């Protein structure tokens, strides 16, 4: 009974408040209508802008691998007496990976990468400047030479100031229109979305962006392995040379002393034989480790496993009108009521 009375009391309060709100709206209808009209017009403008831009959107669903690839390398380095080969906190894990995707170097490398579109191969940045249609929209206030500029080199270290300015402008645009997120927090599937006005640019950039990340990953992950491979290669060559020298010296000594009579000569022969055996054991062990490391380089897993790839042509659904207009109108109405209430308080307190 108490709950029913409480619910009834609450409902009565709501009805009383609503009935009291209607006269408030009537008394301040002018200011409320002005704010509501502004919200409606703003929402309509946003709807017109979105419908006229006709963006092409694509997505790639992928899985980021777990961090366990360095265990074999760390064990191999430990067997050689080399420390400091553990991976620690990787830049490819968790939030580090998301921050890596936003870095300037990743975008610059991708923009200056050559891609094939149709029968033509050129830098992605040149295709972007040709097909992005930014000169009629976001870049309409920039000089014509800015859009007509073409990159001539893919070497980041040799680009000039003009190249950097244009690359930075392209990077900012692509960064705003490229997003990576988790559709489901319980899943490890990540989704990359790209949105531009040209479906070819959208498709090519989505694939190129992930490929750039993957290449950077492979180069970073295999850097230690390649450095260790150079060390082991020198070790194998050194042991091979020492082994061949000792075996050759032992063979020559035996040829010159086929009938060893003196004790000193026998000791020298046995010492050479022992050195040859030890060097042979060390050589084969180093050779085995060298081969294992080469196999581990071959078996390096890629950073990304593609679950759903981008495809051409990109199908664009008809734009749905109304949602933003309704939101803008409601926000305008609420702001109008708030402004009317503030004006009412001002009159009460200062008049």
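Residue numbers (this note's numbering): 673 to 1023.
For every residue, glycine included, the Cβ atom is placed at its ideal position computed from N, Cα and C.
Values in this document were obtained by computation on a predicted structure and should not be read as measured data.
From residue i to residue j, what distance separates their C-alpha atoms?
i, j, result
"residue 996", "residue 810", "22 Å"
"residue 706", "residue 770", "44 Å"
"residue 744", "residue 966", "In this predicted model, residue 744 has a pLDDT of only 47, less than 50, meaning its place in the structure is not dependable enough to derive any value."
"residue 877", "residue 697", "52 Å"
"residue 880", "residue 786", "10 Å"
"residue 884", "residue 850", "14 Å"
"residue 954", "residue 924", "23 Å"
"residue 694", "residue 837", "57 Å"
"residue 715", "residue 727", "19 Å"
"residue 914", "residue 947", "10 Å"
"residue 982", "residue 856", "20 Å"
"residue 822", "residue 894", "34 Å"
"residue 721", "residue 803", "20 Å"
"residue 956", "residue 916", "13 Å"
"residue 776", "residue 1014", "47 Å"
"residue 824", "residue 887", "22 Å"
"residue 781", "residue 872", "19 Å"
"residue 999", "residue 813", "31 Å"
"residue 854", "residue 1020", "51 Å"
"residue 699", "residue 1017", "14 Å"
"residue 834", "residue 890", "31 Å"
"residue 793", "residue 832", "22 Å"
"residue 817", "residue 841", "14 Å"
"residue 815", "residue 892", "39 Å"
"residue 859", "residue 912", "52 Å"
"residue 918", "residue 778", "52 Å"
"residue 949", "residue 826", "53 Å"
"residue 942", "residue 964", "33 Å"
"residue 848", "residue 790", "27 Å"
"residue 752", "residue 907", "With a pLDDT of only 44 at residue 752, under the threshold of 50, the placement of this residue in the model should not be trusted, and no figure is reported."
Return yes when the Cβ of residue j is within less than 8 Å of the Cβ of residue i, no when it is not.
i, j, result
"residue 852", "residue 900", "no"
"residue 882", "residue 734", "yes"
"residue 875", "residue 801", "no"
"residue 951", "residue 922", "no"
"residue 1008", "residue 713", "no"
"residue 829", "residue 870", "no"
"residue 708", "residue 1010", "no"
"residue 719", "residue 993", "yes"
"residue 1077", "residue 861", "Outside the displayed range of the chain (673 to 1023) lies residue 1077, so it cannot be described from this structure."
Can you check which of these residues, the options, is closest to residue i by C-alpha distance?
i, options, result
"residue 795", "839, 770 and 726", "839"
"residue 710", "1020, 1002 and 1016", "1002"
"residue 867", "730, 963 and 950", "730"
"residue 959", "903, 727 and 919", "903"
"residue 732", "808, 864, 797 and 854", "864"
"residue 968", "777, 829 and 897", "897"
"residue 797", "819, 713 and 718", "819"
"residue 768", "736, 812, 700 and 1012", "736"
"residue 701", "1017, 1012, 1018 and 1019", "1012"
"residue 788", "779, 826 and 799", "799"
Please check the pair residue i and residue j, which I expect to be a contact at CB under 8 Å, by giving their CB distance rounded to whole angstroms.
i, j, result
"residue 843", "residue 783", "7 Å"
"residue 962", "residue 905", "7 Å"
CB of residue i to nearest heavy atom of the ligand COA: below 7 Å?
i, result
"residue 837", "This structure simply doesn't include the ligand COA, nor any ligand for that matter."
Worksheet entry | Runs of beta strand (DSSP E) wholly within the stretch 814-875 (minimum 3 residues, chain order) | For the stretch 814-875, the continuous beta strand (DSSP E) assignments of 3+ residues that do not extend past its boundaries occur at 850-854 and 861-868, in sequence order.
Worksheet item: At what residue ranges does the stretch 950-1017 contain a whole run of the beta strand (DSSP E), taking only runs of 3 or more?
Response: Taking only runs of at least 3 residues, the beta strand (DSSP E) segments lying wholly in the stretch 950-1017 are 976-980.
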